[in-house]
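The opening position of the sequence shown corresponds to residue 269 in my numbering, with each subsequent residue numbered one higher. Ideal Cβ placement from N, Cα and C applies to all residues, glycine included. Bear in mind the structure is a predicted one, so any value in this text is a computation, not a measurement.
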Amino acid sequence: MWVFRQLRPYYVPYLRTLTVALTLLGLFTAMTLLTPYITRALINSVLENHHWSELWPLVLALPLLSLTSGVVNFAQQYLNQDFSQKCTLRLRAALYARLQAHGFDYYDHEHTGNLMQRVTGDVEAWRTFWTQGMGEAATFTFNIVLGLVVMVTLNGRLTLFTVLLLPFLTISVMRLDRAMRPAYSRIRQSMSDLQTVVQENITGVRTVKSFAREDYALRVFETRNLAYMQYNVEAAILQSRYIPLIQLIGNLGAVMLLWYGGMEVIHGRMSLGTMVAFFGLLGYLTGPIQQLGFLVNLFAQAFASGQRLIEILETPDIVTNRPGAKELSPLEAKGDVRFEHVSFHYTESSDRLALSDVCLHAKPGMVVGLLGRTGAGKSTLVNLIPRFYDVQQGQVLVDGRDVRDWTLESLRRQIGIVPGDTFLFSASIFENISYGRHDAKLDDVRRAASLAQADGFIMELPDQYETTVGERGLGLSGGQRQRIALARAILYDPSILILDDATSSVDLETEYEIQTALERVMQGRTTFIIGHRISSLRRADEILVLDGGRIVDRGRHEDLVRRDGLYRDVFQLQFQGARG
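So this is what it looks like as structure tokens:
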């Protein structure tokens with residue numbers, strides 16, 4: 269019941285609908301249990317005692333009862349679906365909201381395929397439980413309780429004989445339940461692994477093909493696919509052990525009751541009509557009991573899926589708004605950025621610092637360049653400004669206040685980012701550029717695209733700004749994607765601009781054009797430029813050279829090229845390469 273307690277907020281608001289649905293289900297069950305009474309009356313009164321005047325009322329009662337119970341059943345199923353769909357809608361919305369709220373640290377350890385499986389497959393398993401499982405459980409309960417009540421009114425001795433079978437069935441069902449829960453947990457995790465492989469290989473299909481690794485990708489998929497099949501087979505084997513046993517107990521009970529009831533009729537201790545009616549009622553008991561295996565499976569799947577959903581819902585956010593955090597007003601934002609003895613590591617167990625004792629001060633409108641080898645800490649440094657991560661030591665300040673004292677939304681509203689790994693949505697170019705400014709007009713978008721040197725190639729596309737790009741922008745070249753991302757950041761109109769190797773995928777001529785345009789864009793904004801090309805950094809007011817998470821050198825381009833160090837080595841290498 270722990271799973272159901274944890275997920276209460278997502279179904280408790282609709283319990284009134286469920287209560288009505290279950291009430292109607294109880295009414296439907298009670299109405300169906302009237303059939304044995306009519307059958308007994310037909311046999312005892314009409315066939316045996318020849319009370320022919322009662323024939324037509326009894327015969328007409330059957331279709332009338334069937335019609336009425338059908339209407340009740342329709343209403344019950346409609347309300348049950350309404351309840352389950354609303355629960356699912358609420359739960360899926362909560363899951364998506366939590367996924368949006370989780371920080372970068374969460375996605376550093378979670379696979380996309382795994383999360384997709386939870387939001388789709390696990391939610392569907394939870395919905396199926398409410399749609400089918402709850403109805404089956406209620407039907408089972410109503411049939412057992414009401415069926416036994418009716419049985420007692422017909423014959424107490426036969427009812428007692430029937431009750432003796434229930435402990436054996438209960439033990440079998442409990443053993444099946446204990447076996448199926450871990451089995452379905454393995455199935456769910458295996459499905460997540462399988463979906464991760466599919467998602468990664470579809471997303472990276474160009475990489476797979478460029479390295480001619482189709483056979484390897486297929487082998488990995490077959491391994492995961494085989495594991496998923498094996499876990500399902502193991503679950504099926506468990507079912508095959510217990511479900512036939514449950515059905516056998518129910519069938520043996522029916523045979524024994526038929527023998528005992530027959531003996532009662534032969535010796536005149538029970539009428540034939542009562543015997544037929546009682547045996548008809550037996551189906552209301554043995555039927556649900558024989559479906560217990562299916563019911564246990566639904567509960568086991570819901571339990572396994574619910575646990576995986578709770579993991580998303582209850583994983584705490586590390587980066588959150590502090591109590592009393594203030595709004596950073598666009599009118600007050602200046603773009604002053606200061607790092608005071610900042611140290612940072614990605615995991616608590618890691619001994620390696622991604623940044624160590626970093627100090628810098630970027631005054632409003634200043635351009636700061638960042639250079640360093642891969643893993644030197646450049647991207648980590650700029651990721652601390654919008655609080656994608658929080659520092660463990662020191663402070664990052666924006667406009668004189670610790671970034672943790674600004675609300676996340678208002679802080680990030682003042683920071684525009686152009687990442688090196690450009691992401692575009694499967695939408696129109698207009699929608700991609702205006703993503704951060706939903707109220708932007710076409711003229712605003714074109715102006716930003718012109719500054720990013722993107723308007724020219726966009727106007728040559730078939731539908732111009734209404735052209736829909738493929739998934740992740742794969743219908744465009746790398747340089748085109750970066751220019752659209754740059755236009756998106758320009759339109760955002762931030763006080764702080766972060767260019768994370770934003771011109772790495774453009775040729776030198778286009779880079780020069782973008783750099784010229786950026787000189788106008790960067791005016792009045794504090795800009796951080798991560799670059800591997802000296803040409804993108806040489807105009808910076810200050811260049812920081814990082815190595816192993818530390819700032820090992822700093823200064824303007826003219827100063828750094830005169831000093832021994834990494835910057836001059838990179839400059840000479842690129843300059844000599846250009847001359848060659």
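Ranked by Cα distance from residue 427, the options 341, 658, 413 are led by 413. Linking residue 676 to residue 706 through their CA atoms gives a straight-line distance of about 19 Å. With contacts defined as CB atoms closer than 9 Å, residue 686 and residue 744 fail to qualify as a contacting pair. DSSP, reduced to helix, strand and coil, places residue 744 outside both helices and strands of the structure shown, so it counts as coil.
Residue pairing by DSSP puts residue 629 in a beta bridge opposite 606.
Going by beta carbons, residue 637 and residue 804 fall inside the 9 Å limit. The beta carbon of residue 493 is closer than 7 Å to those of 462 in its chain, skipping five residues each way along the sequence. Residue 395 and residue 443 have their alpha carbons spaced roughly 25 Å apart. DSSP places residue 483 within a helical segment (H, G or I) once states are collapsed to three. One thing to note: residue 767 has its Cβ no nearer than 9 Å to the Cβ of residue 574. According to the DSSP assignment, residue 811 belongs to no alpha helix (DSSP H) but to the beta strand (DSSP E) extending over 810-815.
Residue 602 is positioned such that its CB atom lies closer than 9 Å to that of residue 667. Going by beta carbons, residue 735 and residue 696 fall inside the 9 Å limit.
The beta carbon of residue 716 sits closer than 7 Å to the beta carbons of 701, 755, 758, 759 from its chain, once the five residues preceding and following it are set aside; these are given in chain order. Excluding its 5 nearest sequence neighbours in each direction, residue 698 has C-beta neighbours in its own chain below 8 Å: 710, 713, 733, 734, listed in chain order. Runs of the alpha helix (DSSP H) lying entirely within the region 700-755 and spanning at least 4 residues, in chain order: 710-719, 723-727. Per the C-alpha coordinates, the member of 643, 680, 749 positioned closest to residue 816 is 643. The alpha-carbon of residue 797 is positioned some 28 Å away from that of residue 594.
Between the region 404-424 and the region 374-382, the count of C-beta pairs closer than 8 Å stays below three; the two stretches do not touch. By the Cβ criterion, the region 653-660 is not in contact with the region 827-837, since fewer than three pairs of Cβ atoms, one from each stretch, lie closer than 8 Å.
When beta bridges are read from the DSSP output, residue 663 appears opposite 608.
Between the region 582-601 and the region 785-793, the count of C-beta pairs closer than 8 Å stays below three; the two stretches do not touch. The three-state secondary structure of residue 820, taken from DSSP, is strand. Boundaries of the alpha helix (DSSP H) around residue 286: 283-300. Excluding sequence positions up to five before and after residue 299, its CB lies within less than 8 Å of the CB of 333, 336, 337, 340, all in the same chain and listed in chain order. Excluding its 5 nearest sequence neighbours in each direction, residue 383 has C-beta neighbours in its own chain below 7 Å: 367, listed in chain order. In the three-state reduction of the DSSP assignment, residue 829 falls in the coil class. The Cβ atoms of residue 525 and residue 489 lie no closer than 9 Å to each other. For residue 446, no pairing in a beta bridge is given by DSSP. Distance from the CA atom of residue 730 to the CA atom of residue 689, rounded to whole angstroms, is 26 Å. By the beta-carbon neighbour count (other beta carbons within 10 angstroms, threshold 16), residue 483 is exposed. Within the same chain, Cβ atoms closer than 6 Å to the Cβ of residue 293 are found at 344, 406, the five residues on either side in sequence being excluded. The criterion of a C-beta distance shorter than 9 Å is not satisfied by residue 410 and residue 588.
In the structure shown, residue 586 falls within a coil segment according to DSSP collapsed to helix, strand and coil. Beyond the five residues adjoining it in sequence on each side, residue 623 comes within less than 7 Å, by CB distance, of 610, 611, 612, 645, 648, 649, 817 in the same chain, given in chain order. A residue is called buried once 16 or more other Cβ atoms fall within 10 Å of its Cβ, and residue 680 is buried on that count.
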